[in-house]
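Visitor:
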Amino acid sequence: MLDWKNCAIFATVMANLLFWFDNPSFPLLIAGPCSVESEEQLLCTARQLAQIPEVSLLRGGIWKPRTRPDAFEGRGEEGLVWLREAKHETGLPTATEVATPEHVELALKYDVDALWIGARTVVNPFSVQQLADALRGVDVPVFIKNPVAPDVKLWIGAFERFQKAGVTRLAAIHRGFQHYKETPYRNFPMWEIPIELNRIINVPVITDISHICGCRELLQQTAQKALDLATDGLMVECHCNPDAALTDARQQITPTELKNLLSNLVYRSKQSGMVERELADLRSEIDDIDSELLQLLSRRMDVSAQIGEYKKRNNVTVVQMDRWKKILAEHIATGTDLGLDAQLVAEVFEAIHQASIERQSRILED
Ligand code: PEP
Ligand code: MN
Numbered sequence: 000m001l002d003w004k005n006c007a008i009f010a011t012v013m014a015n016l017l018f019w020f021d022n023p024s025f026p027l028l029i030a031g032p033c034s035v036e037s038e039e040q041l042l043c044t045a046r047q048l049a050q051i052p053e054v055s056l057l058r059g060g061i062w063k064p065r066t067r068p069d070a071f072e073g074r075g076e077e078g079l080v081w082l083r084e085a086k087h088e089t090g091l092p093t094a095t096e097v098a099t100p101e102h103v104e105l106a107l108k109y110d111v112d113a114l115w116i117g118a119r120t121v122v123n124p125f126s127v128q129q130l131a132d133a134l135r136g137v138d139v140p141v142f143i144k145n146p147v148a149p150d151v152k153l154w155i156g157a158f159e160r161f162q163k164a165g166v167t168r169l170a171a172i173h174r175g176f177q178h179y180k181e182t183p184y185r186n187f188p189m190w191e192i193p194i195e196l197n198r199i200i201n202v203p204v205i206t207d208i209s210h211i212c213g214c215r216e217l218l219q220q221t222a223q224k225a226l227d228l229a230t231d232g233l234m235v236e237c238h239c240n241p242d243a244a245l246t247d248a249r250q251q252i253t254p255t256e257l258k259n260l261l262s263n264l265v266y267r268s269k270q271s272g273m274v275e276r277e278l279a280d281l282r283s284e285i286d287d288i289d290s291e292l293l294q295l296l297s298r299r300m301d302v303s304a305q306i307g308e309y310k311k312r313n314n315v316t317v318v319q320m321d322r323w324k325k326i327l328a329e330h331i332a333t334g335t336d337l338g339l340d341a342q343l344v345a346e347v348f349e350a351i352h353q354a355s356i357e358r359q360s361r362i363l364e365d
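Right, here's the structure in full:
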């Protein structure tokens, strides 16, 4: 049972959490172990986290979606007993991942205060619909992780299913995306995807730095980057003995390390209502440059179309691989001399070249 002191803490933290959904004016911090492993592990972690004032929600995985069978799949119902105990001992509201209607029913039975939908579940609209149906009439806060692939529409679809079921407190969790290229991250951040989600449906977005990074070393810089990009909160996996964790050991940190990480963060203002003169001038310069870029792009496309006409008349293929390889290498060299990032130059010209190919292909088809 919650004693009166923890009851007061719980009421305050919970009120803050509910307020945040309507007005995410401060970064919400969700922390706790990847998996609830034992009563001792959870309580020891929760007690330390409760000493960190920024922590608003204690996370703990009860059912773990594992890539291969025979791995630790979570403690199930007995873990919920410990999660509730941790809340009663610390006053921290709790959150867990649900993937089936049975999970929802059990989580609510044990008074879990917020739920999240995992990346592997969000990819399946049937599962998302079943979860939304299970929550009809129960207005518990729900966090929706991004699907494993960078598909904004699928992510939005999940929000719509919960909205239609009457869930009013919804937020997104950005945990990165599977990527075919080698990257230092476990899940490639693709920061533009949560920004696009937020632009279209305007929901608070939390950054799950643990699942993006996959290792402790990248957590600090990734948390800072998330704040710089105006994230509305962080999810961080914490364990009282991370090396001994049964899941995601490499990315979990101790509550003391979390405290340290938080103290090294620079918080910036999200307000652009009071834009200072200097910033306004620089922005106007950027607007002028963007406009020049657009005019140049349009001229380039016109010339590309003329080349398309030539190729059609003379029966020449649209793709000229030797020329493409040559100009790409030259542009990367020139761009790097100008202080630009090689990858940026490559991506910009790949996009322009692709658009050119499409334009010329249409001309050849006509
Ligand atoms: C988790 O948060 O423990 C988890 C399984 O994350 P994801 O769904 O992002 O893989
Ligand atoms: Mn995890």
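Heads up: the sequence shown begins at 0 in numbering that gives the first Met the number 0, then just goes up one per residue. A virtual CB, placed ideally from N, CA and C, is assigned to each residue, including glycine.
1. What's the call for M234, buried or exposed, on a 16-neighbour Cβ count within 10 Å?
2. Are the segment 251–259 and the segment 79–95 touching by the rule of at least three beta carbon pairs closer than 8 Å?
3. Judging by CA-CA distance, which residue of H178, T182, G232, R215 is the nearest neighbour of P203?
4. Would you mind giving the Cβ-Cβ distance between G117 and A98, rounded to the nearest angstrom? I have them listed as a contact below 8 Å.
5. Hey, is D242 close to the ligand MN, as in C-beta under 7 Å from one of its heavy atoms?
6. Would you say A49 and T89 are within 8 Å of each other, going by their C-beta atoms?
7. Using a strict less-than 5 Å threshold between each residue's beta carbon and the heavy atoms of the ligand MN, what residues do you get?
8. From the DSSP secondary-structure annotation, give me the bridge partner or partners of E236.
9. How many Å lie between S355 and L293 at the Cα?
10. So, under 8 Å CB-CB, E236 and P100 are touching, yes? Tell me the CB distance rounded to an integer number of Å.
11. At what residue ranges does the segment 48–108 contain a whole run of the beta strand (DSSP E), taking only runs of 3 or more?
12. For chain D, is any of its Cβ atoms less than 8 Å away from the one on L107?
13. Specify, as a first and last residue, the run of the alpha helix (DSSP H) that I8 falls within.
14. First and last residue of the alpha helix (DSSP H) that includes D207?
15. Is any heavy atom of the ligand PEP found at a distance shorter than 7 Å from the C-beta of G213?
16. Would you list the residues sitting across from I172 in a DSSP beta bridge?
17. So L114 and P92 are in contact, right, with Cβ under 8 Å, and what is the actual spacing, rounded?
18. How close, in whole Å, do the beta carbons of Y184 and L226 come, if the pair is a contact with beta carbons under 8 Å?
19. Check whether the Cβ atoms of A297 and Q359 sit closer than 8 Å, and answer yes or no.
20. How about I383 and L169: are their beta carbons less than 8 Å apart?
21. Taking Cβ to Cβ, would you say V54 is nearer than 8 Å to L28?
22. Measure the Cβ-Cβ separation of I143 and A171 and say whether it is below 8 Å.
23. When DSSP labels each residue in this structure, what does F187 get in the three-state scheme?
24. Would you say A140 touches the ligand PEP, meaning its beta carbon is less than 7 Å from a heavy atom?
25. Applying the 10 Å Cβ sphere with the 16-neighbour rule, what's the burial state of G136?
26. Could you spell out the range, first to last residue, of the alpha helix (DSSP H) harbouring A279?
27. Can you tell me the Cβ-Cβ gap for R160 and V127, rounded? I've got them flagged as a contact below 8 Å.
28. So who's on the other strand from I116, going by DSSP bridges?
29. Given a threshold of 16 other Cβ atoms within 10 Å of its Cβ, counted over all protein chains shown, does V318 qualify as buried or as exposed?
30. In whole angstroms, what separates the C-alpha of V347 from that of T333?
31. Assuming I326 and A345 make a contact with CB atoms under 8 Å, what is their CB distance in whole Å?
32. Enumerate in chain order the residues of its own chain whose CB-to-CB distance from K108 is below 8 Å, with the five nearest sequence positions on each side excluded.
Guide: Judging by the given coordinates:
1. By one-based count along the sequence shown, residue 234 stands at place 235. M234 should be labelled buried.
2. no
3. Translated into the one-based positions of the sequence shown, residue 203 becomes position 204. The shortest Cα separation from P203 among H178, T182, G232, R215 belongs to G232.
4. Along the sequence shown, read from residue 1 onward, the residue named residue 117 stands at position 118. Along the sequence shown, read from residue 1 onward, the residue named residue 98 stands at position 99. Yes, G117 and A98 are in contact; Cβ-Cβ is about 6 Å, under 8 Å.
5. Start at 1 with the first residue of the sequence shown, and residue 242 comes out as number 243. For the ligand MN, not one heavy atom lies less than 7 Å from the Cβ of D242.
6. Translated into positions along the sequence shown, residue 49 becomes position 50. Translated into positions along the sequence shown, residue 89 becomes position 90. Their beta carbons are under 8 Å apart, which means A49 touches T89 by this criterion.
7. C33, D247
8. Numbered from 1 along the sequence shown, position 237 holds the residue referred to as residue 236. Its beta-bridge partners are G31.
9. Translated into positions along the sequence shown, residue 355 becomes position 356. Translated into positions along the sequence shown, residue 293 becomes position 294. Spanning the two alpha carbons is a distance of roughly 15 Å.
10. Along the sequence shown, one-based indexing puts residue 236 at 237. Along the sequence shown, one-based indexing puts residue 100 at 101. The Cβ separation is near 26 Å, so there is no contact.
11. 54–58, 93–96
12. No chain D is part of this structure, which consists of one protein chain only.
13. On the sequence shown, position 9 is the one that residue 8 refers to. Element bounds for I8: 3–21.
14. Within the sequence shown, residue 207 is the residue found at index 208, counting from 1. Looking at the DSSP string, D207 is not in any alpha helix (DSSP H); the run it does join, the beta strand (DSSP E), is 204–207.
15. Mapped onto the sequence shown, residue 213 falls at position 214. Every heavy atom of the ligand PEP is 7 Å or more from the Cβ of G213, so no.
16. In the sequence shown, counting from the first residue as 1, residue 172 sits at position 173. Per DSSP, K144, I205.
17. Counted from its first residue, the sequence shown places residue 114 at position 115. Counted from its first residue, the sequence shown places residue 92 at position 93. With 8 Å as the limit, L114 and P92 do not qualify as a contact, their Cβ atoms being about 12 Å apart.
18. The count along the sequence shown starts at 1 and reaches residue 184 at position 185. The count along the sequence shown starts at 1 and reaches residue 226 at position 227. With 8 Å as the limit, Y184 and L226 do not qualify as a contact, their Cβ atoms being about 17 Å apart.
19. Reading the sequence shown from its first residue, position 298 is the one you call residue 297. Reading the sequence shown from its first residue, position 360 is the one you call residue 359. Looking at the sequence provided, one finds Ser at residue 297 rather than Ala. Not closer than 8 Å, so no.
20. What the structure shows of the chain is the stretch from 0 to 365, and residue 383 is not part of that stretch, so it cannot be assessed.
21. Reading the sequence shown from its first residue, position 55 is the one you call residue 54. Reading the sequence shown from its first residue, position 29 is the one you call residue 28. Closer than 8 Å, so yes.
22. Within the sequence shown, numbered from 1, the residue matching residue 143 stands at position 144. Within the sequence shown, numbered from 1, the residue matching residue 171 stands at position 172. Yes, the Cβ-Cβ distance between I143 and A171 is below 8 Å.
23. Start at 1 with the first residue of the sequence shown, and residue 187 comes out as number 188. Strand.
24. Numbered from its first residue, the sequence shown carries residue 140 at position 141. Note that residue 140 is Pro in the sequence shown here, rather than Ala. No, Cβ of P140 sits at least 7 Å from all heavy atoms of the ligand PEP.
25. For this step, residue 136 is matched to residue 137 along the sequence shown. Result: exposed.
26. The count along the sequence shown starts at 1 and reaches residue 279 at position 280. First-last of the alpha helix (DSSP H) with A279: 276–312.
27. Working through the sequence shown from its first residue, we reach residue 160 at position 161. Working through the sequence shown from its first residue, we reach residue 127 at position 128. Contact holds; Cβ gap of about 5 Å.
28. Here the question's residue 116 lines up with position 117 in the sequence shown. Paired residue(s): I143.
29. Position 319 of the sequence shown, counted from the start, is the residue given in the question as residue 318. Exposed, since its Cβ has fewer than 16 Cβ neighbours within 10 Å.
30. Start at 1 with the first residue of the sequence shown, and residue 347 comes out as number 348. Start at 1 with the first residue of the sequence shown, and residue 333 comes out as number 334. In a straight line, the C-alpha of V347 is about 14 Å away from that of T333.
31. As a first step, residue 326 is located in the sequence shown; it is residue number 327 there, counting from the start. As a first step, residue 345 is located in the sequence shown; it is residue number 346 there, counting from the start. No, I326 and A345 are not in contact; Cβ-Cβ is about 12 Å, not under 8 Å.
32. Against the sequence shown, residue 108 aligns to sequence position 109. Result list for K108: L79, in chain order.
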